[in-house]
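Here's the structure, in structure tokens; my notes come after.
Numbering (our numbering), first residue to last: 810 to 970.
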């Protein structure tokens, strides 16, 4: 990754972050038919993510290539586990948004973004971070395993007709 830098997002990044959110939901629509792909959804999601970052001791970062511009982003915040988890591991960093431009996947951008998120939460005393992936998104699940994530819980859905 010779020319990519990771920095905190700014208000000026909003247009590209909105595009990234729409691009991710477009990708996920191939796995789940419930995905919204409209400007209002993107704006609401971005505002929610940035509020969770602000209010939850989190971080929002963007990966920028000197020649191509923004090539990825991540938003993560602190979350508490329910009371059934031991207190020493009760808080964790949750990666709510992670997107890398398709032509940049496999080139270390996601690894750099997750590494920066991990450092942020390590500095806060957290013991781990979590991330989710749709069951049908094998590429994401494979990438997360390669980054050092392991499955923790599995959710199931049943259509009610």
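Cβ coordinates follow ideal geometry from the N, Cα and C atoms, glycine included.
Check the DSSP bridge columns for residue i and list the partner residues they point to.
{"i": "residue 907", "result": "883"}
{"i": "residue 813", "result": "874"}
Roughly how many whole angstroms lie between the Cα atoms of residue i and residue j?
{"i": "residue 814", "j": "residue 909", "result": "13 Å"}
{"i": "residue 941", "j": "residue 960", "result": "9 Å"}
{"i": "residue 820", "j": "residue 847", "result": "20 Å"}
{"i": "residue 924", "j": "residue 970", "result": "42 Å"}
{"i": "residue 827", "j": "residue 850", "result": "9 Å"}
{"i": "residue 886", "j": "residue 902", "result": "6 Å"}
{"i": "residue 845", "j": "residue 834", "result": "7 Å"}
{"i": "residue 929", "j": "residue 841", "result": "31 Å"}
{"i": "residue 917", "j": "residue 898", "result": "29 Å"}
{"i": "residue 853", "j": "residue 955", "result": "31 Å"}
{"i": "residue 936", "j": "residue 896", "result": "11 Å"}
{"i": "residue 818", "j": "residue 891", "result": "30 Å"}
{"i": "residue 876", "j": "residue 812", "result": "8 Å"}
{"i": "residue 958", "j": "residue 939", "result": "8 Å"}
{"i": "residue 870", "j": "residue 920", "result": "13 Å"}
Does DSSP put residue i in a helix, a strand or coil?
{"i": "residue 969", "result": "coil"}
{"i": "residue 828", "result": "helix"}
Inside the stretch 909-965 only - alpha helix (DSSP H) runs reaching at least 4 residues: Qualifying alpha helix (DSSP H) stretches, in chain order: 918-932 and 947-955.
Residue ranges of each alpha helix (DSSP H) run of no fewer than 4 residues wholly in the stretch 832-905, ordered along the chain? 848-864
Would you call the stretch 960-967 and the stretch 856-863 in contact, with 3 or more CB pairs under 8 Å? no
Report yes or no: do the stretch 863-882 and the stretch 823-838 share at least 3 C-beta pairs separated by less than 8 Å? Yes: at least three Cβ pairs fall under 8 Å.
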